[in-house]
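Be aware that the sequence shown starts at 1336, since it is given in our numbering, and climbs by one per residue.
Just below is one structure, and these are the notes that go with it.
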Amino acid sequence: MLSKSNTEYIQSGMFAILNPLTLLLLLLASAAAWGQHVNERENSSEWRYIGGDIGHTRSTPLNQISADNFDELEIEWMWSDASFGATPPRSTPVYANGKLFTVAGARRHVVAIDPSTGETLWSFREPNTFRWEYSMRAPWGKGIAYGEIDGRGVVFVVTPAFFLYALDAETGDLLQNWGTPIPLEGFPQSGGVDLIPDLISDWGPWVNSGQTYDPYQGIPLELGYITNSSPPIVVNDTIVVGNSAEQGYNQTRTENVPGDILGYDVRTGEFKWKFNVIPRPGEVGHETWEDDAWSYTGDVSSWAPLSADPELGLVYIPTNAATIDFYGGFQPGDNLFSASLIALDVETGERRWHFQMVHHDVWNNDTPTAPLLMDVNVAGRKVPGVFQATKQAFLYSFNRETGEPIWPIVERPVPQSEVPGEQLSPTQPFPTKPAPYDIQELSVDGLIDFTPELRQEALDIVADYKLGGLFNPPMQKDNPEGLIGSAWCPGELGGTNITGPPAADPQTGIIYTISRTNCGWRTIVPGEERDLLLERPTGVTIAEFAVGMGTPNGIRGPRGLPLEKPPYSRITAIDLNTGDHLWWIPNGGTPRFIQNHPALQGLDIPPTGNINHSALMITPTMLLHTAIGDDGETPYLFSVNKATGERMGSVESPGLGMYGMMSYMHDGRQRIVLQTPGQLAAFSLPTKEN
């Protein structure tokens, strides 16, 4: 069953105040429109969102490239980001009205690319500010948002310095009579918005500071810091903007700014609304921030991309944890709306429903990917679904209109912390379906066992750790048990993460998750000890504890091998009509260092899968994924049978594709574009000679 708090909050949404007849009419009206909005495209040739459609399925209806001709693919063109500053391969291009659009470099240049040749057509760059220099998310931009105003294509981008810009898609010029003047040298008088004033105008710590706003500096560091890593999303007549803060594992001080969600008019750039992710007095969830922690602490941002249902008028917001990973003693309570999925009315910003997936998160269980929207048929009933993959290797499933779980989610007791001052939730929500798609507990049976010697060495290693499951609490470095620390699974890099979003087939209701087996560990140390290592920390009040030792990469196994049994990463097919797993396969081949390891020579090692995530995409005839191949070092694009998981084909790639890929049709020719380190690679079928 749901927790009391989640149940109450769902029931307190909009539908609770409607009379039965009105509710029935609304449900019938929306039912007639299901399947016509979140997954279908006005133009099947295009890829107008970084997730393909506004429901973020990472699927394409194009089938010129099929399972039958996949092996014939060739690289048609490549585009390098070298002149913009090399960046990790996280930005998925958008294709609309005959052009590709993406971002590149730590300055987050906006770039338009010729879809036939890979030639750069135009670029845009924001001038420098301290706000940009301080941003720890600068090179991690995931792309742009595309929209139209009276038939005119417009590219929207949010920069690391937290400005919003609207650019003409044809020329790259800033829109005239849009937004507000930015009073800085070199900044536009039209076509841009400084987002910070709208974020902090009624925020207590800023209002009470008595300071004058400096647009070059942004928020004073003693109050907090805000930045961005994902594009906004255009829904109906509103641009919805998410944000991010510093990585929580680099925080030591209790003060920070909440990552409130902002809405702007798509035609004018005028501010429309703000949703408070840390509830204020009188707002739903305010009581979950005890000891007045709501008034000074922050984060709870949405650094993952957003999804939306335009016909329901809802935008879906995945959030991360509150300030400081691994320790929350200074903010007791469940801490809504951290680690949650929130459905907001896109016109007003009002909350329709939410669900918190981790209460009082101290495990860095940020919600790392966009919610995935598609309709499914459950027990003969058509359900408009929203599905959230998580680091926990849980897939949370909801009716996207009402917030009701498709299958029960139960609150189960979890271990409690021994750290002074820490107050963990006594229970956490566990979905009953689908089952977890990766391991959630580090046990003796799950340790490496290629040979008896390796198994014994693994046992010797873990004897110095407190093993446990999903919600095993972090320990102090100098703990009474004399242990190195506690370990939990998945760790920060396990389960689903930012570099491996799921993909889904809207025609069948099947989702494909890519996950990594990873058991992480962390210990916490006195805050003052950790604070000395930071050059310019935000906030003023040093927390009693902060993260110290440990690594997101997990416990190092015997002789440099992974501690856990393989597979080290996997792809799982889950039927969301039934909640059942259909199949799973290792994600790629066995890494070369394992194949050549002296301790494993002469052994028959089955494919272990890569030690990373990779990119997924769905077509009408196949599942595509990127991975290192069977030789352990060559990157490939693979074609897989969607129904069975059987590998059908492979094409060598110029680099390991990560995070995403996309597909479009231009001048009668379909391309598949991979994001690889430092470049985009466009694959197409060879032209046939006349």
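Ideal Cβ placement from N, Cα and C applies to all residues, glycine included.
Remember, it's a predicted structure, so these values are computed and weren't measured experimentally.
Item to check | C-alpha gap between residue 1711 and residue 1543, whole angstroms | outcome: 49 Å
Checklist entry - Cβ of residue 1757 within 9 Å of Cβ of residue 1885? => result no
Checklist entry - When the Cα atoms are used, what is the spatial distance from residue 1586 to residue 1667? => result 18 Å
Checklist entry - Per the contact definition of three or more C-beta pairs closer than 8 Å, is the segment 1926-1937 in contact with the segment 1878-1896? => result yes
Next on the checklist: Since residue 1381 and residue 1999 should fall inside the 8 Å C-beta cutoff, what is the C-beta to C-beta distance between them, to a whole number of angstroms?
Outcome noted: 6 Å
Next on the checklist: So for residue 2020, helix, strand or coil by DSSP?
Outcome noted: coil
Next on the checklist: Please classify residue 1383 as buried or exposed, where buried requires at least 16 other C-beta atoms within 10 Å of its C-beta.
Outcome noted: buried
Checklist entry - Closest by CA to residue 2008, which one among 1401, 1430 and 1374? => result 1430
Checklist entry - If you compare alpha carbons, which of 1983, 1592 and 1942 is closest to residue 1967? => result 1942
Checklist entry - Is it buried or exposed for residue 1559, if we count other Cβ within 10 angstroms and need 16 for buried? => result buried
Next on the checklist: Can you confirm whether the segment 2012-2019 touches the segment 1419-1428 when touching is taken to mean that 3 or more C-beta pairs between the two stretches lie within less than 8 Å?
Outcome noted: yes
Item to check | Whole-Å CB distance - residue 1944 paired with residue 1922, under 8 Å assumed | outcome: 4 Å
Checklist entry - From the DSSP output, which residues share a beta bridge with residue 1745? => result 1765
Checklist entry - Taking the C-alpha atoms as reference points, what is the distance between residue 2019 and residue 1717? => result 37 Å
Next on the checklist: Could you tell me which whole alpha helix (DSSP H) segments of length 4 or greater appear in the segment 1623-1648?
Outcome noted: none
Item to check | Residue from 1495, 1801 and 1913 whose Cα sits closest to the Cα of residue 1714 | outcome: 1913
Checklist entry - Hey, is the segment 1853-1867 in contact with the segment 1788-1795, meaning 3+ C-beta pairs nearer than 8 Å? => result no
Checklist entry - Can you tell me whether residue 1779 is buried or exposed, with buried defined as 16 or more other CB within 10 angstroms of its CB? => result exposed
Next on the checklist: What does DSSP give as the partner residue(s) for residue 1899 in the beta ladder?
Outcome noted: 1782
Next on the checklist: Could you tell me which whole alpha helix (DSSP H) segments of length 4 or greater appear in the segment 1444-1505?
Outcome noted: 1465-1469
Checklist entry - If we count the other Cβ atoms within 10 Å of its Cβ and call it buried at 16 or more, is residue 1345 buried or exposed? => result Legend: pLDDT at residue 1345 = 38, less than 50; position of this residue unreliable, value from coordinates given subsequently. It is buried - the Cβ of residue 1345 has at least 16 other Cβ atoms within 10 Å.
Checklist entry - Alpha carbon to alpha carbon, how far is residue 1672 from residue 1809? => result 22 Å
Checklist entry - Quick one: what does DSSP say residue 1402 is sitting in, helix, strand or coil? => result coil
Item to check | Enclosing alpha helix (DSSP H) for residue 1862 [first to last residue] | outcome: 1862-1866
Checklist entry - Under a Cβ-count criterion, where at least 16 other Cβ atoms within 10 Å of its own Cβ denotes burial, should residue 1562 be classed as buried or exposed? => result buried
Checklist entry - Is the CB-CB distance between residue 1459 and residue 1509 below 9 Å? => result yes
Checklist entry - Can you tell me the Cα-Cα spacing of residue 1956 and residue 1851, whole angstroms? => result 26 Å
Next on the checklist: Alpha carbons only, please: which of 1505, 1476 and 1494 is nearest the one belonging to residue 1488?
Outcome noted: 1505
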